[in-house]
Amino acid sequence: MPFTEPVLLKRINADPAKRKLHFYDDYVATGGYKGLEAALQMAPADIIKTTIDSGLRGRGGAGFSAGQKWSFIPKEKRGPHYLCVNADESEPGTFKDRYLIDYDPHQMLEGIAIACIATQCDIAYIFIRGEYHRQAKVLEHAIKEAYEHGIFGPQGIKGSATKLECYVHKGAGAYICGEETGLLEALEGKRGWPRNKPPFPAIAGAFAKPTVINNVETLAAVPHIIERGPIEGPRWFKSMGTPSSPGPKLYGMSGHVNSPGVYEDELGITLEHAIKLAGGMKGGAYKASICGGISMGVLGTNQLDIKLDFDDVRFRGGCLGLGTAGMIVMNEHTDMVLALRNCVRFYAHESCGQCTPCREGSAWMRKILDRIVDGGGRAQDLEMLLELEKTMGIMPGTTICGLADGTAWATRTFINKFYDEFAAKCPETPVPQFSLKRGSLNVLQPMGSNTR
Ligand SMILES: Cc1cc2nc3c(=O)[nH]c(=O)nc-3n(C[C@H](O)[C@H](O)[C@H](O)COP(=O)(O)O)c2cc1C
Ligand code: SF4
Numbered sequence: 236m237p238f239t240e241p242v243l244l245k246r247i248n249a250d251p252a253k254r255k256l257h258f259y260d261d262y263v264a265t266g267g268y269k270g271l272e273a274a275l276q277m278a279p280a281d282i283i284k285t286t287i288d289s290g291l292r293g294r295g296g297a298g299f300s301a302g303q304k305w306s307f308i309p310k311e312k313r314g315p316h317y318l319c320v321n322a323d324e325s326e327p328g329t330f331k332d333r334y335l336i337d338y339d340p341h342q343m344l345e346g347i348a349i350a351c352i353a354t355q356c357d358i359a360y361i362f363i364r365g366e367y368h369r370q371a372k373v374l375e376h377a378i379k380e381a382y383e384h385g386i387f388g389p390q391g392i393k394g395s396a397t398k399l400e401c402y403v404h405k406g407a408g409a410y411i412c413g414e415e416t417g418l419l420e421a422l423e424g425k426r427g428w429p430r431n432k433p434p435f436p437a438i439a440g441a442f443a444k445p446t447v448i449n450n451v452e453t454l455a456a457v458p459h460i461i462e463r464g465p466i467e468g469p470r471w472f473k474s475m476g477t478p479s480s481p482g483p484k485l486y487g488m489s490g491h492v493n494s495p496g497v498y499e500d501e502l503g504i505t506l507e508h509a510i511k512l513a514g515g516m517k518g519g520a521y522k523a524s525i526c527g528g529i530s531m532g533v534l535g536t537n538q539l540d541i542k543l544d545f546d547d548v549r550f551r552g553g554c555l556g557l558g559t560a561g562m563i564v565m566n567e568h569t570d571m572v573l574a575l576r577n578c579v580r581f582y583a584h585e586s587c588g589q590c591t592p593c594r595e596g597s598a599w600m601r602k603i604l605d606r607i608v609d610g611g612g613r614a615q616d617l618e619m620l621l622e623l624e625k626t627m628g629i630m631p632g633t634t635i636c637g638l639a640d641g642t643a644w645a646t647r648t649f650i651n652k653f654y655d656e657f658a659a660k661c662p663e664t665p666v667p668q669f670s671l672k673r674g675s676l677n678v679l680q681p682m683g684s685n686t687r
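Residue numbering for the sequence shown follows the working numbering, starting at 236 and increasing by one per position.
What follows is the structure, given as structure tokens:
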């Protein structure tokens, strides 16, 4: 059975004029909290097994199996366990979690309660992006309702032995706090600097206790699986998507499309199909698309047939992965040099500064790209950019977190897939008077200016 009807968006009307926020009564009236009822009849190990069997992979970027992640939490309790919900959503091009919170907050709260039963968590913290003021208020109201209806609070979930508290924690606007260990540091009241791993959060996470970290969309998918039970739940979930990337997925469509917005379909639809969902191209023919937030890189002009799942985007599409499936679609009039400069400027600004290759590398990249954009590009600049991108990231093993890999993959894919466009701005014989013109610009300034 392919994807026939909305799952995560079933309560959210496709027509913006008819959309409304569903609070507790609406949620229950439309079948909500049935997954939680089912979970309360199951042993924690069975909830984990059902989730593993479903093949649900994290929707926050890395695509790690949700059930397996839960299975790493120690079974024997020696103190509190925590669940941190990653609602930081700062990846450019990504706005799907906001949409879920905006209109259907209890879906995620139900997922939280089920995940906490499975992993014996005592407290759930929802770490929400600082700019999401409205969404934080919506959540606080929904959480209050959940306390009033016996889901959270000292009486135990619906009178059961599992007691669960839930709090909203607002971020202060740093992209790096979306990285799970940066998030934990910020939650603990410190500077959001990612931690070296191991230890992994499942063993020593928030306040050095076992901690699960999951994305909003991942948790929102959980009740739908558990509600259907240990056999039918995984079977139903796997009937959508591809064998290695099952289930429904939210696609955040923006850029040069006629109807930007959040669309739901199964994993593995083609890029071409995703653009159709968003009303087709606007202002010109298709040229490129960022595929999963800018950290994953860009899909090229001849890649409309790439399947949007965790494998095809990577192996055939040449990107880092599907990421968040936040697509920024670009038409034929887009200047790819300017687009990359914009991405790299973001990374240089958001690098937390702990690792030299990320801090200095992203700053150098930005300065080289500034020079190219300003008309002073030289042939060796492209070689330099491609050499820099190879040196940074967890993959070459030089940084603590994946922010640097995002910088590298954006740079690599933009330049390799649109080489001629970059080369045209980096001639063998540079513009002679350029060095004079550049004297006033910051390319010659000392490095480290983005170290905070
Ligand atoms: C620089 C950086 C930023 C990230 N930002 C987010 C984010 O905003 N939201 C999110 O869910 N995951 C983000 N992630 C991924 C998280 O580290 C983590 O993998 C995810 O929250 C796990 O949840 P999941 O398994 O449910 O996907 C980011 C990772 C990196 C390296
Ligand atoms: S890779 Fe960059 S953002 Fe990540 S810890 Fe190192 S300096 Fe900070």
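Quick reminder that beta carbons are idealized off the backbone N, C-alpha and C, glycines included.
message: On the CB-based measure, 16 or more other CB atoms within 10 Å of its CB, does residue 334 come out buried or exposed?
response: Position 99 of the sequence shown, counted from the start, is the residue given in the question as residue 334. Residue 334 comes out buried.
- request: Identify every run of the beta strand (DSSP E) within the region 295-371, keeping only runs that are complete inside it and at least 3 residues long; order them along the chain.
  value: 317-322 and 358-363
task: List the endpoints of the continuous alpha helix (DSSP H) containing residue 608.
output: Your numbering for residue 608 matches position 373 in the sequence shown. Residues 591-608.
query: When DSSP builds the beta bridges, which residues end up paired with residue 524?
result: For this step, residue 524 is matched to residue 289 along the sequence shown. Partner(s): 534 and 564.
field: heavy atom of ligand 1 below 7 Å from residue 325 C-beta
entry: Counting from one through the sequence shown, the residue named residue 325 turns up at place 90. Correct: residue 325 has its Cβ closer than 7 Å to ligand 1.
task: Measure the alpha-carbon distance for residue 461 versus residue 274 and round it to whole angstroms.
output: What you label residue 461 is simply residue 226 of the sequence shown in a count that begins at 1. What you label residue 274 is simply residue 39 of the sequence shown in a count that begins at 1. Approximately 7 Å between the Cα atoms of the pair.
query: Going by other Cβ atoms of all chains shown within 10 Å of its Cβ, with 16 needed for buried, is residue 632 buried or exposed?
result: As a first step, residue 632 must be located in the sequence shown, where it is residue number 397. Exposed.
field: Alpha-carbon spacing of residue 327 relative to residue 556, whole angstroms
entry: Reading the sequence shown from its first residue, position 92 is the one you call residue 327. Reading the sequence shown from its first residue, position 321 is the one you call residue 556. Computed Cα separation, rounded: 15 Å.
query: Would you say residue 635 touches ligand 2, meaning its beta carbon is less than 7 Å from a heavy atom?
result: For the purposes of this step, residue 635 is taken as residue 400 along the sequence shown, with counting starting at 1. Yes - ligand 2 has a heavy atom lying nearer than 7 Å to the Cβ of residue 635.
message: Whole angstroms are fine: how far does the CA of residue 665 sit from the CA of residue 294?
response: Here residue 294 is taken as the residue at index 59 of the sequence shown, counted from 1. Here residue 665 is taken as the residue at index 430 of the sequence shown, counted from 1. Cα-Cα distance, rounded: 45 Å.
- prompt: Which of the three DSSP states, helix, strand or coil, is assigned to residue 485?
  reply: One-based indexing of the sequence shown puts residue 485 at position 250. DSSP places residue 485 in strand when its eight states are reduced to three.
task: Determine the extent of the beta strand (DSSP E) in which residue 403 is found, giving its start and end residues.
output: Against the sequence shown, residue 403 aligns to sequence position 168. 400-405 is the extent of the beta strand (DSSP E) around residue 403.
- prompt: For residue 542, does the three-state DSSP call read helix, strand or coil?
  reply: On the sequence shown, residue 542 is found 307 positions in, with the first residue counted as 1. Three-state DSSP puts residue 542 in a strand.
- prompt: DSSP beta-bridge partners for residue 449?
  reply: Against the sequence shown, residue 449 aligns to sequence position 214. 320, per the DSSP bridge assignment.
Span separating the alpha-carbon of residue 250 from that of residue 660: The sequence position of residue 250 within the sequence shown is 15, counting from 1. The sequence position of residue 660 within the sequence shown is 425, counting from 1. Cα-Cα distance, rounded: 44 Å.
field: Distance cut-off 7 Å: residue 639 Cβ against heavy atoms of ligand 2
entry: Mapped onto the sequence shown, residue 639 falls at position 404. Flag set: Cβ of residue 639 near ligand 2.
- request: Would you tell me roughly how many angstroms separate the C-alpha atoms of residue 252 and residue 290, rounded to the nearest one?
  value: By 1-based counting over the sequence shown, the position of residue 252 is 17. By 1-based counting over the sequence shown, the position of residue 290 is 55. Their Cα atoms are separated by approximately 35 Å.
- request: Go ahead and pull the three-state DSSP assignment for residue 479.
  value: By 1-based counting over the sequence shown, the position of residue 479 is 244. Residue 479: coil per DSSP, three-state reduction.
- prompt: Are the region 405-416 and the region 278-289 touching by the rule of at least three beta carbon pairs closer than 8 Å?
  reply: no
query: Taking only runs of the alpha helix (DSSP H) that begin and end inside the region 616-667, which ones reach a length of at least 4 residues, in chain order?
result: 638-652 and 654-659
- prompt: Under 8 Å between the Cβ atoms of residue 446 and residue 437?
  reply: As a first step, residue 446 must be located in the sequence shown, where it is residue number 211. As a first step, residue 437 must be located in the sequence shown, where it is residue number 202. Yes, the Cβ-Cβ distance between residue 446 and residue 437 is below 8 Å.
- prompt: Cα-Cα, which of 479, 345, 582 and 443 is closest to residue 387?
  reply: For the purposes of this step, residue 387 is identified with residue 152 of the sequence shown, where counting begins at 1. Looking at the Cα atoms, 345 is the closest of the given residues.
message: Residues in the same chain with beta-carbon distance under 7 Å from residue 389, minus the five sequence neighbours each way, listed in chain order, please.
response: Sequence index remark: in the sequence shown, residue 389 carries index 154 (1-based). Cβ neighbours of residue 389 beyond the five flanking positions: 398.
message: Taking the straight line between their C-alpha atoms, what separation do you get for residue 338 and residue 607?
response: Translated into positions along the sequence shown, residue 338 becomes position 103. Translated into positions along the sequence shown, residue 607 becomes position 372. Residue 338 and residue 607: Cα-Cα distance of roughly 44 Å.
message: residue 448 and residue 403 - do their beta-carbons sit closer together than 8 Å?
response: Looking up residue 403 in the sequence shown gives position 168. Looking up residue 448 in the sequence shown gives position 213. No.
message: Cutting at 6 Å between CB atoms, please list the residues of its own chain near residue 643, excluding the five before and the five after it.
response: By one-based count along the sequence shown, residue 643 stands at place 408. The residues are 624, 627 and 628.
- prompt: With DSSP run on the structure shown, which of helix, strand or coil describes residue 470?
  reply: Stepping through the sequence shown from its first residue, residue 470 is reached at position 235. Correct three-state label for residue 470: helix.
message: Give the list of continuous alpha helix (DSSP H) stretches no shorter than 4 residues that lie fully inside the region 246-295.
response: 259-264, 269-275 and 279-289
message: Is the separation between the beta-carbon of residue 639 and that of residue 590 shorter than 8 Å?
response: By one-based count along the sequence shown, residue 639 stands at place 404. By one-based count along the sequence shown, residue 590 stands at place 355. A contact, by the Cβ cut-off of 8 Å.
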